[in-house]
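Trainee:
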Amino acid sequence: MAAESATGADRGALARIRGRLEGPNTVGNSTGFWIGFAVAVLALVAYPLVGNGESFSLFLVLALLGLSLSLVWGYSGVLSFGQVVFFGVGGYTFGVVSINLPDPTGITAAALTGVVVGGITAALLGYFMFYGGVRDVYVTIITLVSTMVLQTFMAQTAGSEWTIGEAALGGFNGMPAIPLLELGITGVVSYQFVFNTLELFVPGLGTVEVDPFYYLALAALVAAYLGLRVLVNSDFGRVMVAVREDQDRTQMFGYDVKRVKLLTFTVGGALAALSGVLYAARNVYIDPQVFALWFATLPVIWVSVGGRKSLLGAVIATIGIEYFRLSVQGEMALVVLGALLLVFILALPGGIVPWIAGKISGSAVPVSELDDADAPAEVSES
Amino acid sequence: MVNGLNLAFQFLDSFAFVVLAAAGLAIIFGIMGVINLAHGEFILVGAYATTFAVTAAGLPLPVAMVVGSLVTALFGIAVERTIISGFVPNWIGQRTVGRDLIEPLYDRLADSMVATFGLSLVMVQSARILFGNSIETVGTPFGNVAYGEFSYSTYRLVLAGVSILVLVAAYYVFTRTTFGTRVRATMADEQTAKALGVDTERTYMLTFGIGSGLAGLTGALFAPVLSMQPTLGDQFLIEAFVAVVVGGPSVVLGTALSGGVLGAVSATVTNLTDSTTFGRIALLLAAMLALRFLPGGITGFIERVRSRRQEGE
Numbered sequence: 001m002a003a004e005s006a007t008g009a010d011r012g013a014l015a016r017i018r019g020r021l022e023g024p025n026t027v028g029n030s031t032g033f034w035i036g037f038a039v040a041v042l043a044l045v046a047y048p049l050v051g052n053g054e055s056f057s058l059f060l061v062l063a064l065l066g067l068s069l070s071l072v073w074g075y076s077g078v079l080s081f082g083q084v085v086f087f088g089v090g091g092y093t094f095g096v097v098s099i100n101l102p103d104p105t106g107i108t109a110a111a112l113t114g115v116v117v118g119g120i121t122a123a124l125l126g127y128f129m130f131y132g133g134v135r136d137v138y139v140t141i142i143t144l145v146s147t148m149v150l151q152t153f154m155a156q157t158a159g160s161e162w163t164i165g166e167a168a169l170g171g172f173n174g175m176p177a178i179p180l181l182e183l184g185i186t187g188v189v190s191y192q193f194v195f196n197t198l199e200l201f202v203p204g205l206g207t208v209e210v211d212p213f214y215y216l217a218l219a220a221l222v223a224a225y226l227g228l229r230v231l232v233n234s235d236f237g238r239v240m241v242a243v244r245e246d247q248d249r250t251q252m253f254g255y256d257v258k259r260v261k262l263l264t265f266t267v268g269g270a271l272a273a274l275s276g277v278l279y280a281a282r283n284v285y286i287d288p289q290v291f292a293l294w295f296a297t298l299p300v301i302w303v304s305v306g307g308r309k310s311l312l313g314a315v316i317a318t319i320g321i322e323y324f325r326l327s328v329q330g331e332m333a334l335v336v337l338g339a340l341l342l343v344f345i346l347a348l349p350g351g352i353v354p355w356i357a358g359k360i361s362g363s364a365v366p367v368s369e370l371d372d373a374d375a376p377a378e379v380s381e382s
Numbered sequence: 383m384v385n386g387l388n389l390a391f392q393f394l395d396s397f398a399f400v401v402l403a404a405a406g407l408a409i410i411f412g413i414m415g416v417i418n419l420a421h422g423e424f425i426l427v428g429a430y431a432t433t434f435a436v437t438a439a440g441l442p443l444p445v446a447m448v449v450g451s452l453v454t455a456l457f458g459i460a461v462e463r464t465i466i467s468g469f470v471p472n473w474i475g476q477r478t479v480g481r482d483l484i485e486p487l488y489d490r491l492a493d494s495m496v497a498t499f500g501l502s503l504v505m506v507q508s509a510r511i512l513f514g515n516s517i518e519t520v521g522t523p524f525g526n527v528a529y530g531e532f533s534y535s536t537y538r539l540v541l542a543g544v545s546i547l548v549l550v551a552a553y554y555v556f557t558r559t560t561f562g563t564r565v566r567a568t569m570a571d572e573q574t575a576k577a578l579g580v581d582t583e584r585t586y587m588l589t590f591g592i593g594s595g596l597a598g599l600t601g602a603l604f605a606p607v608l609s610m611q612p613t614l615g616d617q618f619l620i621e622a623f624v625a626v627v628v629g630g631p632s633v634v635l636g637t638a639l640s641g642g643v644l645g646a647v648s649a650t651v652t653n654l655t656d657s658t659t660f661g662r663i664a665l666l667l668a669a670m671l672a673l674r675f676l677p678g679g680i681t682g683f684i685e686r687v688r689s690r691r692q693e694g695e
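Going down the list, the protein sequences come from chains A and B.
1 is the number of the first residue of the first sequence in the working numbering; add one for each residue after it.
383 is the number of the first residue of the second sequence in the working numbering; add one for each residue after it.
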């Protein structure tokens, strides 16, 4: 990351890595940004020493969900309310498989299955929509409706006929007693990440106990962020942005717009499912509220406030808004949150992070270019 | 026979619910291109205003319903001026810092959605703080229609009748009056409409007011049959969006048709499975299939068939 300190042969490798991570599609392409990024990651690594890592890990998990929407909406222009569908499907799949196979190999397989099933669900829904010629606001409504279908359906699965192997879906009350997340291979090597303490020796502080799940979530988040940066700055990422800006023109240039949207939607779905798996594992519980309208709206809010065309914005806004939402108690909390959303979206339509990036870099990314309307919105004539 | 009547009543019920839920949204979303996630809360305003007009002011129910609709319409105009068009903040901005503070939310689907979601959070929570978790309900008027061993609330039949009246009135206003023509001109091309002398600011404001008033009317009409709690608007929101989008570009006619189709699906499945849950799931799945196979909605499909036939001649 700190490219200047590299010497000799290292410089070539680091510059290559940096070249992959940087491009016009992400904010933060300067050495200063990477220094700040390293400081922020180190601060997050050190956070459990001073704060409560066990509750903070929720925000890191949800930031993955925010990232998945930023990819799908911010980069390929598909406004989806369905990220929570894949989130919930991933979580429920993880629960069902791990309850049936409650040993480390089974739980590891359950986590992978959750991600894969979430990705497949996204691919099926995406194929249904994009290859059927569904566009713009209709995609948004179909994803919203699919969320509501799952919520309505899962809420009535209370009866004993809704049992998969050992796992009862539990209807409105949800699925409790998901096995503790223990990754590895049974009998060979495995490690339990939730409800466990990791003893670390920190110079100056002595031995401290931290939550290993926090570091699992942090590692997943940093890896997902850097991975998506590589993706959106690759050639494929450029095509994604072209699709966002003008579908018809991109098609004229000979790109397969449907395929690009389907692939992006699938990757976004798998990422949302990973978030869902970690969410279910962290809470050892999942219920149909993950498909509820208010929850489906949250990712859209995080990404709008942070700046939908910025991956970093999604992460920062998710952590910030969720931290605020869960830490401010009392009856005025929701009023303040609602008012903040109103003010932010009206005053900074492009989002906070692109605005700050524009301020810092002078005029490298003019804000006026970021807040243009995202989709042709003509819905009606009469 | 009795089962057939049951099915007919269920159909009328679903039809009235879908159409009334969608009525205000058809105008605000369908015509103005503003995704109003606070639509349910506009219905809440209408329902609460009506209930208070009866319980606190002692007005007879029909008068209270008119009051509820008007209150919601005025509330909608206030929202339009401050948030959607940004007129009030920009007026203040011009006086204090000498520039506009915000841009209007027309045709900015995602931004209007986030803004109205914020508004909906504020409204639900304010209702909870001001009036508690529930308020007293007014009784359902008119009693029941009895047939065989079943009976059915007459009021629900009245709702079905009113929903048809609302559609006819909206259709008339937006297609047969000068005001309706101005509205459609403004929405189709604001610049040109302005150049031709239409006061577009005023048109936006009034259209939003009418949409809000219709949402308020829905709340007023459902006030006697719902439990009065701050989250009562939630149950309307999804069906409203679905009906408007499935209806397609000709919003009023489209809402009527999609209300018919979706109402029929929901009533049939509810009747077959004896479960309103599966009725709702069927309604939503039917909407997804409709959007997939009729990308322009029902009226878009009719339009296509018509133009193809004309070409054939």
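By construction, the Cβ of each residue, glycine as well, lies at the ideal position given by its N, Cα and C atoms.
1) Just the C-alpha distance for residue 373 of chain A and residue 466 of chain B, rounded to the nearest angstrom, thanks.
2) Would you give the residue range spanned by the beta strand (DSSP E) that residue 189 of chain A belongs to?
3) Using DSSP with H/G/I as helix, E/B as strand and the rest coil, what is residue 158 of chain A?
4) Do residue 66 of chain A and residue 290 of chain A have their beta-carbon atoms positioned less than 8 angstroms apart in this structure?
5) Checking 8 angstroms against the spacing of the C-beta atoms, do residue 438 of chain B and residue 602 of chain B come in under that value?
6) For residue 400 of chain B, does the count of other Cβ atoms within 10 angstroms reach 16, so buried, or fall short, so exposed?
7) Find the residues of chain B that neighbour residue 172 of chain A, judging by a C-beta separation of less than 7 angstroms, and give them in chain order.
8) DSSP puts residue 201 of chain A in a beta bridge; with which residues?
9) Just reading off the beta strand (DSSP E) that residue 183 of chain A is part of, what are its end residues?
10) Could you tell me whether any Cβ in chain A is nearer than 8 angstroms to the Cβ of residue 624 of chain B?
11) Can you find the residues in the same chain that come closer than 8 angstroms, C-beta to C-beta, to residue 164 of chain A, ignoring five residues on each side of it along the sequence?
12) Whose C-beta lies closer than 7 angstroms to the C-beta of residue 416 of chain B among residues of the same chain, with five residues either side of it excluded?
13) Can you give me the C-alpha to C-alpha distance between residue 545 of chain B and residue 448 of chain B, rounded to a whole angstrom?
14) Name the DSSP bridge partner or partners of residue 167 of chain A?
15) So, residue 193 of chain A versus residue 183 of chain A, is the Cβ gap smaller than 8 angstroms?
16) At a cut of 8 angstroms, does the region 123 to 131 of chain A reach the region 103 to 111 of chain A through at least three beta carbon pairs?
17) When we look at the beta-carbon of residue 324 of chain A and count the other beta-carbons within 10 Å, is it buried (16 or more) or exposed?
18) Give the DSSP-derived three-state secondary structure of residue 417 of chain B in the structure shown.
19) Could you tell me the boundaries of the alpha helix (DSSP H) in which residue 578 of chain B lies?
20) Can you have a look at residue 240 of chain A and say buried or exposed, based on whether 16 or more other CB atoms are within 10 angstroms of its CB?
21) Give me the Cα-Cα distance between residue 320 of chain A and residue 433 of chain B, rounded to the nearest whole angstrom.
22) Quick one: complete alpha helix (DSSP H) runs, 4+ long, within the region 291 to 334 of chain A?
23) Is the distance from the Cβ of residue 418 of chain B to the Cβ of residue 426 of chain B below 8 angstroms?
24) Which class does residue 120 of chain A belong to by DSSP, given the choice of helix, strand or coil?
25) Report all residues from its chain with a CB closer than 6 angstroms to the CB of residue 63 of chain A; omit the five preceding and five following residues, and keep chain order.
26) Pick helix, strand or coil for residue 388 of chain B, following the three-state DSSP scheme.
27) Have a look at B/501, B/594, B/440, B/693 and flag the residue whose alpha-carbon is nearest the alpha-carbon of residue 346 of chain A.
28) Considering only residues of the same chain and omitting the five flanking positions on each side of residue 249 of chain A, which have a CB-CB separation below 8 angstroms?
29) Taking C-alpha atoms, which residue in A/204, A/134, A/177 lies nearest to residue 91 of chain A?
30) Using a Cβ cut-off of 7 angstroms, pull out every chain B residue sitting near residue 349 of chain A, in sequence order please.
31) Give, in chain order, every residue of the region 609 to 621 of chain B whose Cβ lies closer than 8 angstroms to some Cβ of chain A.
32) According to DSSP, which residues form a beta bridge with residue 286 of chain A?
33) What in chain A is Cβ-close to residue 499 of chain B, meaning under 7 angstroms?
34) Out of A/277, A/48, A/268, point me to the one whose CA is closest to residue 210 of chain A's CA.
35) Going along the chain, which residues of its own chain have a beta-carbon closer than 6 angstroms to the beta-carbon of residue 607 of chain B, five neighbours each way excluded?
36) Can you tell me whether residue 556 of chain B is buried or exposed, with buried defined as 16 or more other CB within 10 angstroms of its CB?
Mentor: By the coordinates alone:
1) Working through the first sequence from its first residue, we reach residue 373 of chain A at position 373. Working through the second sequence from its first residue, we reach residue 466 of chain B at position 84. Low confidence applies to residue 373 of chain A: its pLDDT is 41, below 50, so where it sits in the model is not reliable enough to give any reading.
2) Position 189 of the first sequence, counted from the start, is the residue given in the question as residue 189 of chain A. 189 to 192 is the extent of the beta strand (DSSP E) around residue 189 of chain A.
3) To locate residue 158 of chain A, count along the first sequence from 1; it is residue 158. Note: residue 158 of chain A maps to coil in three-state DSSP.
4) Counting from 1 along the first sequence, the entry for residue 290 of chain A is found at position 290. Counting from 1 along the first sequence, the entry for residue 66 of chain A is found at position 66. Going by C-beta atoms, residue 290 of chain A is not nearer than 8 angstroms to residue 66 of chain A.
5) As a working mapping, residue 438 of chain B is identified with position 56 in the second sequence. As a working mapping, residue 602 of chain B is identified with position 220 in the second sequence. It is not a contact, given that the beta carbons lie outside the stated cut-off.
6) Taking the first residue of the second sequence as position 1, residue 400 of chain B is located at position 18. By the Cβ neighbour-count rule, residue 400 of chain B is buried, with 16 or more other Cβ atoms within 10 Å of its own.
7) Numbered from 1 along the first sequence, position 172 holds the residue referred to as residue 172 of chain A. For a Cβ distance threshold of 7 angstroms, nothing in chain B lies close to residue 172 of chain A: the least Cβ distance comes to about 11 angstroms.
8) Taking the first residue of the first sequence as 1, we reach residue 201 of chain A at position 201. Per DSSP, A/207.
9) For the purposes of this step, residue 183 of chain A is taken as residue 183 along the first sequence, with counting starting at 1. Residue 183 of chain A -> beta strand (DSSP E) spans 182 to 185.
10) One-based indexing of the second sequence puts residue 624 of chain B at position 242. Look at residue 624 of chain B: its C-beta is under 8 angstroms from a C-beta on chain A.
11) If you number the first sequence from 1, residue 164 of chain A lands on position 164. Within the same chain, 96, 100 come within 8 angstroms of residue 164 of chain A by CB-CB distance, once the 5 residues on both sides are set aside.
12) The sequence position of residue 416 of chain B within the second sequence is 34, counting from 1. The answer, listed in chain order, is 410, 466, 487, 488, 494.
13) Your numbering for residue 545 of chain B matches position 163 in the second sequence. Your numbering for residue 448 of chain B matches position 66 in the second sequence. A straight-line Cα-Cα distance of about 15 angstroms links residue 545 of chain B and residue 448 of chain B.
14) If you number the first sequence from 1, residue 167 of chain A lands on position 167. BP columns for residue 167 of chain A point to A/164.
15) Position 193 of the first sequence, counted from the first residue, corresponds to residue 193 of chain A. Position 183 of the first sequence, counted from the first residue, corresponds to residue 183 of chain A. Contact: yes.
16) In short, these stretches do not touch, since the Cβ pair count stays below three.
17) Along the first sequence, read from residue 1 onward, the residue named residue 324 of chain A stands at position 324. Counting the other CB atoms within 10 Å of its CB gives residue 324 of chain A a total below 16, which places it among the exposed residues.
18) Residue numbering aside, residue 417 of chain B sits at position 35 when the second sequence is read from its first letter. Three-state DSSP puts residue 417 of chain B in coil, outside helix and strand.
19) On the second sequence, residue 578 of chain B is found 196 positions in, with the first residue counted as 1. No alpha helix (DSSP H) contains residue 578 of chain B, which DSSP labels as neither H nor E.
20) Walking along the first sequence from the start, residue 240 of chain A turns up at place 240. By the 10 Å Cβ count, residue 240 of chain A comes out buried.
21) For this step, residue 320 of chain A is matched to residue 320 along the first sequence. For this step, residue 433 of chain B is matched to residue 51 along the second sequence. The alpha-carbon atoms of residue 320 of chain A and residue 433 of chain B are separated by roughly 39 angstroms.
22) The region 291 to 334 of chain A is shown to contain whole alpha helix (DSSP H) runs of 4 or more residues at 293 to 306, 311 to 327, in chain order.
23) Position 36 of the second sequence, counting from 1, holds the residue named residue 418 of chain B. Position 44 of the second sequence, counting from 1, holds the residue named residue 426 of chain B. Taking 8 angstroms as the cut-off, the beta carbon of residue 418 of chain B is found no closer than this to the beta carbon of residue 426 of chain B.
24) Your numbering for residue 120 of chain A matches position 120 in the first sequence. Assigned with DSSP and collapsed to three states, residue 120 of chain A falls in helix.
25) Residue numbering aside, residue 63 of chain A sits at position 63 when the first sequence is read from its first letter. Closer than 6 angstroms at Cβ, skipping near neighbours: 221, 315, 318, 319.
26) The sequence position of residue 388 of chain B within the second sequence is 6, counting from 1. Here residue 388 of chain B sits in helix by DSSP.
27) To locate residue 346 of chain A, count along the first sequence from 1; it is residue 346. Minimum Cα distance to residue 346 of chain A is reached at B/501.
28) Here the question's residue 249 of chain A lines up with position 249 in the first sequence. Answer for residue 249 of chain A: 242, listed in chain order.
29) Along the first sequence, one-based indexing puts residue 91 of chain A at 91. Considering only alpha carbons, the answer is A/177.
30) Taking the first sequence and counting its residues from 1, the one referred to as residue 349 of chain A is at position 349. Within 7 angstroms Cβ-Cβ: 485, 493.
31) Cβ contacts with chain A come from 616, 619, 620.
32) Counting from 1 along the first sequence, the entry for residue 286 of chain A is found at position 286. DSSP output for residue 286 of chain A lists A/175 as bridge partner(s).
33) Translated into positions along the second sequence, residue 499 of chain B becomes position 117. Those within 7 angstroms of residue 499 of chain B in chain A are 297, 301, 341.
34) The residue given as residue 210 of chain A occupies position 210 in the first sequence. Closest by alpha carbon: A/48.
35) Reading the second sequence from its first residue, position 225 is the one you call residue 607 of chain B. For residue 607 of chain B, where only same-chain residues beyond five positions count, the Cβ hits under 6 angstroms are 522.
36) The sequence position of residue 556 of chain B within the second sequence is 174, counting from 1. With 16 or more Cβ atoms within 10 Å of its Cβ, residue 556 of chain B is classed as buried.
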